[in-house]
Amino acid sequence: MTKSNIEYRDITSKNTEVISQVVETHCFPQLNCRSWRLAVETNNIRDWTKVPTHCLKYVSYYMLGKQYRLECEAVANAAIEYAKSIKVGPHDVWIFDIDETALSNLPYFSRPDVDFGACPYNETLANEWDSAGKAPAIPAVLEVYKTVVSLGINPVFLSGSSQKYRAVRKANLIEAGYTSWILLILKEDNDTRSAVEFKTSWIKSLITSEYRIVGNIGDQWSDLIGENPGARTFKVPNPMYYIA
Ligand SMILES: [Mg+2]
Numbered sequence: 001m002t003k004s005n006i007e008y009r010d011i012t013s014k015n016t017e018v019i020s021q022v023v024e025t026h027c028f029p030q031l032n033c034r035s036w037r038l039a040v041e042t043n044n045i046r047d048w049t050k051v052p053t054h055c056l057k058y059v060s061y062y063m064l065g066k067q068y069r070l071e072c073e074a075v076a077n078a079a080i081e082y083a084k085s086i087k088v089g090p091h092d093v094w095i096f097d098i099d100e101t102a103l104s105n106l107p108y109f110s111r112p113d114v115d116f117g118a119c120p121y122n123e124t125l126a127n128e129w130d131s132a133g134k135a136p137a138i139p140a141v142l143e144v145y146k147t148v149v150s151l152g153i154n155p156v157f158l159s160g161s162s163q164k165y166r167a168v169r170k171a172n173l174i175e176a177g178y179t180s181w182i183l184l185i186l187k188e189d190n191d192t193r194s195a196v197e198f199k200t201s202w203i204k205s206l207i208t209s210e211y212r213i214v215g216n217i218g219d220q221w222s223d224l225i226g227e228n229p230g231a232r233t234f235k236v237p238n239p240m241y242y243i244a
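Sequential numbering from 1 applies to the sequence shown in the numbering used here.
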């Protein structure tokens, strides 16, 4: 074998090794799940009904690990910086969504019969959890709330969760540290509007009542994409479920 042949074979085998590493990495299920989550967060994948089964482990690590908290903090820091930059007026309002925004349902979603959204939605189980009123605050969003209140901006809670649990949800918010608001808007069970329609109509009536929506924070795009969603919107991550 000539010298050049040996070199060629070495280079080829090195290339093959590199290529196979790239292919392996690309096919590694966790990476695909990262791509799925990015697509979900950027609203490129819509109308999904459950977390892909092979991404259950990835989503569980993400939600229970540091990354989810860090990403909530990054959103909250941007929201706080923006809130502090506003010249606040008496009719300024900041809209807070409740589930997976002000409050976390992670204790419920981490149960094996819910599996971080990899199990199909079960209304009975979800209602049981809601009626218990034990959701903790998402600490980063609580900081946004505290800043908003300290600046004199009026908080409004606007959520598609059921009006029938109003008393328990109210107590849950207070228990978690959200102690005051000018409006707590929940959805009637016979209201068949989509989340976007429901939220847009309430925001419209706030604006008609001469409120100025200076900020809006939610975990769903449907919280933030309606007509006049607010001067600035902030999205916290949620790879566990999708609401249109
Ligand atoms: Mg929500």
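From the three backbone atoms N, C-alpha and C, an ideal C-beta is built for every residue, glycine too. Quantities reported herein were computed from a predicted structural model and do not represent experimental measurements.
Indicate whether residue i and residue j have their beta-carbon atoms separated by less than 8 Å.
{"i": "I182", "j": "N154", "result": "yes"}
{"i": "N95", "j": "G177", "result": "Residue identity differs from the one stated: residue 95 is Ile in this sequence, not Asn. Contact flag unset, no."}
{"i": "R212", "j": "G89", "result": "yes"}
{"i": "S180", "j": "D99", "result": "no"}
{"i": "P237", "j": "E41", "result": "yes"}
{"i": "P107", "j": "K134", "result": "yes"}
{"i": "A195", "j": "A244", "result": "yes"}
{"i": "P136", "j": "L103", "result": "yes"}
Ordered along the chain, which non-local residues of its own chain (more than five positions away) have a Cβ less than 8 Å from that of residue i?
{"i": "Q163", "result": "L186, K187, E188 and D189"}
{"i": "I45", "result": "W36 and A39"}
{"i": "D191", "result": "F198"}
{"i": "D207", "result": "Note on identity: in this sequence residue 207 is Ile, with Asp being the wrong assignment. I213 and N228, listed in sequence order."}
Find the nearest neighbour of residue i within the set the options, judged by alpha-carbon distance.
{"i": "K87", "options": "R166, E100, R69 and G152", "result": "G152"}
{"i": "K50", "options": "L158, L103 and F109", "result": "F109"}
{"i": "A118", "options": "V59, F157, L38 and I98", "result": "V59"}
{"i": "N105", "options": "I213, V156, H54 and L64", "result": "L64"}
{"i": "D97", "options": "S35, E210, I138 and S150", "result": "I138"}
{"i": "V148", "options": "H54, D92 and V236", "result": "D92"}
{"i": "T101", "options": "V141, N77 and D113", "result": "V141"}
{"i": "M240", "options": "E81, S85 and P120", "result": "P120"}
{"i": "K204", "options": "E227, A195, G215 and D191", "result": "E227"}
{"i": "T200", "options": "E210, L184 and L158", "result": "L158"}
{"i": "E143", "options": "R111, A167 and K84", "result": "K84"}
For ligand 2, is there a heavy atom less than 7 Å away from the beta-carbon of residue i?
{"i": "E100", "result": "Ligand 2 is not part of the structure shown, which contains ligand 1 as its ligands."}
With residue i as the anchor, note down where its alpha helix (DSSP H) starts and where it stops.
{"i": "W221", "result": "W221 to L224"}
{"i": "F109", "result": "L106 to F109"}
{"i": "S201", "result": "A195 to T208"}
{"i": "D130", "result": "E123 to A132"}
{"i": "T147", "result": "P139 to S150"}
{"i": "K170", "result": "R166 to A176"}
Quick one: residues in its chain with C-beta nearer than 6 Å to the C-beta of residue i, no 5 flanking neighbours on either side, listed in chain order?
{"i": "Y242", "result": "W48"}
{"i": "Y62", "result": "Y68"}
{"i": "F234", "result": "V75, A79 and I217"}
{"i": "R232", "result": "Y82 and G215"}
For residue i, which residues of its own chain have a beta-carbon under 7 Å away from its beta-carbon, when the five flanking residues on both sides are left out?
{"i": "L56", "result": "D115, F116 and A118"}
{"i": "Y165", "result": "D130 and S131"}
So residue i is in the beta strand (DSSP E); what residue range does that whole segment cover?
{"i": "R69", "result": "Careful: R69 lies outside any beta strand (DSSP E), inside the alpha helix (DSSP H) at K66 to S85."}
{"i": "N190", "result": "Here N190 belongs to no beta strand (DSSP E), and DSSP marks it neither H nor E."}
Cβ pair count under 8 Å reaching 3, the segment 122-129 against the segment 55-75
Pairwise C-beta distances place the segment 122-129 out of contact with the segment 55-75, as fewer than three of them are shorter than 8 Å.
Do three or more CB pairs link the segment 165-179 to the segment 221-232 at distances below 8 Å?
With a cut-off of 8 Å, the segment 221-232 and the segment 165-179 do not count as touching, because too few Cβ pairs lie within range.
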